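To keep things clear, I will list the structure first and then write my remarks on it.
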Amino acid sequence: DTGVSQNPRHKITKRGQNVTFRCDPISEHNRLYWYRQTLGQGPEFLTYFQNEAQLEKSRLLSDRFSAERPKGSFSTLEIQRTEQGDSAMYLCATTPGWGEQFFGPGTRLTVL
Amino acid sequence: GQQLNQSPQSMFIQEGEDVSMNCTSSSIFNTWLWYKQEPGEGPVLLIALYKAGELTSNGRLTAQFGITRKDSFLNISASIPSDVGIYFCAGQGETSGSRLTFGEGTQLTVNP
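Protein chains in written order, with this note's numbering: chain S, 1 to 112; chain A, 113 to 224.
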């Protein structure tokens with residue numbers, strides 16, 4: 001499978017714990033995006049990378065959130081001190097340039 | 113965050129019927145994308161539009177990029193049960209960089 005992959009697919013955690021998600025992009029896609037989707041809503045932009053550089057962050061990305069793409073390939077999204085409001089589907093998308101973005105299957109986070 | 117106005121919110125149709133949905137925005141977009149999402153999965157790209165007035169088809173799906181660059185339409189002809197899902201429009205704009213701004217989705221139910 002050469003599509004975008006995300007791990008884990010599901011994560012259940014207790015409030016206050018840290019969680020980390022991983023996204024593996026389509027090969028040679030130099031742009032990688034993170035979005036968050038809550039029930040009944042469309043995805044909302046969080047941040048994006050061009051190669052290893054993080055070029056833009058949304059106001060939704062609080063100080064508890066950090067994202068990295070150390071070698072310009074896979075990316076990680078970490079949430080520290082999780083809150084119940086962090087419960088959502090976290091989606092990764094990649095693209096070789098402008099336009100079409102191809103999404104992974106997402107990581108469903110539940111904070112108890 | 114900013115979202116597009118997508119309508120209708122839901123549709124219940126009989127197999128074989130045609131379907132139309134649309135998105136409008138107060139902002140100009142350079143690119144319009146249409147996605148389909150099924151439960152527990154990430155959005156899957158259906159059609160990409162890059163030019164005002166452009167009309168593009170993908171099988172039974174046809175989408176148009178509005179001349180004002182502030183709207184887009186998606187039509188599905190001769191619906192079948194596997195068309196069930198949530199359809200999202202997404203715009204990529206002059207002022208918002210390469211991030212996608214999503215509508216709230218149209219939930220489509222097809223009765224056999």
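Built from N, CA and C at the ideal position, the CB exists for glycine as well. Everything numeric in this text was worked out from a predicted model, so none of it was measured.
Please report how far the alpha carbon of residue i lies from the alpha carbon of residue j, in whole angstroms.
i	j	result
tyrosine 162 of chain A	alanine 93 of chain S	19 Å
serine 66 of chain S	asparagine 223 of chain A	44 Å
glutamate 150 of chain A	alanine 160 of chain A	19 Å
tyrosine 33 of chain S	methionine 133 of chain A	26 Å
lysine 182 of chain A	lysine 14 of chain S	43 Å
isoleucine 125 of chain A	serine 194 of chain A	13 Å
proline 8 of chain S	glycine 85 of chain S	19 Å
glycine 141 of chain A	glutamine 176 of chain A	One point to set straight first is that residue 141 of chain A is phenylalanine, not glycine, in the sequence displayed. Phenylalanine 141 of chain A and glutamine 176 of chain A: Cα-Cα distance of roughly 13 Å.
glycine 178 of chain A	tyrosine 199 of chain A	18 Å
proline 96 of chain S	isoleucine 26 of chain S	9 Å
Assuming the contact rule is C-beta atoms closer than 8 Å, residue i and residue j should be a hit. Round their C-beta distance to whole Å, please.
i	j	result
cysteine 201 of chain A	serine 184 of chain A	6 Å
methionine 123 of chain A	leucine 220 of chain A	5 Å
phenylalanine 102 of chain S	glycine 3 of chain S	7 Å
asparagine 18 of chain S	glycine 72 of chain S	Actually they are not in contact, since the Cβ atoms of asparagine 18 of chain S and glycine 72 of chain S sit about 24 Å apart, beyond 8 Å.
Can the beta-carbon of residue i be found closer than 7 Å to that of residue j?
i	j	result
threonine 180 of chain A	glutamine 118 of chain A	no
threonine 20 of chain S	glutamate 68 of chain S	no
isoleucine 12 of chain S	threonine 110 of chain S	yes
glutamine 37 of chain S	proline 43 of chain S	yes
leucine 116 of chain A	glycine 215 of chain A	yes
serine 58 of chain S	leucine 46 of chain S	yes
glycine 154 of chain A	glycine 40 of chain S	no
Quiz prompt | In chain order, each beta strand (DSSP E) run of at least 3 residues that lies wholly inside the stretch 156–187 of chain A | solution = 156–161, 167–170 and 173–177
Quiz prompt | Interface residues of the stretch 175–203 of chain A facing chain S [CB-CB below 7 Å] | solution = Taking 7 Å as the Cβ-Cβ cut-off, the stretch 175–203 of chain A approaches chain S at Phe200, given in chain order.
Practice problem: Could you list the residues in the stretch 52–86 of chain S with a C-beta less than 9 Å from some C-beta on chain A, going in chain order? | Solution: Leu55, Glu56, Ser58, Arg59 and Leu60
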